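Residues 14 to 149 in my numbering are what the sequence shown lists, from first letter to last. For every residue, glycine included, the Cβ atom is placed at its ideal position computed from N, Cα and C. These numbers were taken from a predicted model, which means no experiment stands behind them.
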Amino acid sequence: MRALPRRALFAAPVAVLAFALVACGGSDSGSDSSAADTQQQTQTTGGAEAGGEATGDTDDKPEPPLTGDIKQKAEAAALAAYPGTVEKSEEDAEKPGMYAVEVKQADGTSIEVYLDKSFKVTATKKEGTEETGDAG
Numbered sequence: 014m015r016a017l018p019r020r021a022l023f024a025a026p027v028a029v030l031a032f033a034l035v036a037c038g039g040s041d042s043g044s045d046s047s048a049a050d051t052q053q054q055t056q057t058t059g060g061a062e063a064g065g066e067a068t069g070d071t072d073d074k075p076e077p078p079l080t081g082d083i084k085q086k087a088e089a090a091a092l093a094a095y096p097g098t099v100e101k102s103e104e105d106a107e108k109p110g111m112y113a114v115e116v117k118q119a120d121g122t123s124i125e126v127y128l129d130k131s132f133k134v135t136a137t138k139k140e141g142t143e144e145t146g147d148a149g
């Protein structure tokens, strides 16, 4: 009869642990891991960067910087259309197959110049606005 209380002592922590895992959404299958990872990333970054609030971009796709010959041609085409100083040049994650070159103009404003693969200006966006102008 003494064996019953010992079993109860071992079963109680296991039951509490199982309940805690279910209540917290824990799973061995990994199916809920992406939601947990997203929540953990949001908590780690304070929610701002993960939500796009800190960077100003609402997308979370990385925009790789342009390099080599492509960088030189894209920046030259952007500067020919909008004189100034190149701040950055990158592949455009929002429009695959396009390049984006940010140019700081003489008056201090910045403009994002969008180019296609043939380095033709297709659109622009003044920094700090959501309006996009078509190239003329």
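- Counting only runs of at least 4 residues, the region 65-133 fully encloses the following alpha helix (DSSP H) elements, listed from N- to C-terminal order: 81-94.
- Each of Glu88, Ala119, Glu125 was checked against the Cα of Glu107, and the nearest Cα belongs to Glu125.
- Here Ala113 is buried. Its C-beta has 16 or more other C-beta atoms within 10 Å.
- Cα atoms of Thr135 and Asp129: separation of roughly 7 angstroms, rounded to the nearest angstrom.
- Straight-line measurement puts the Cα of Tyr127 at about 8 angstroms from the Cα of Lys138.
- The residues Asp129, Lys130, in chain order, have a CB closer than 8 angstroms to that of Gly110 in the same chain once the five nearest residues on each side in sequence are set aside.
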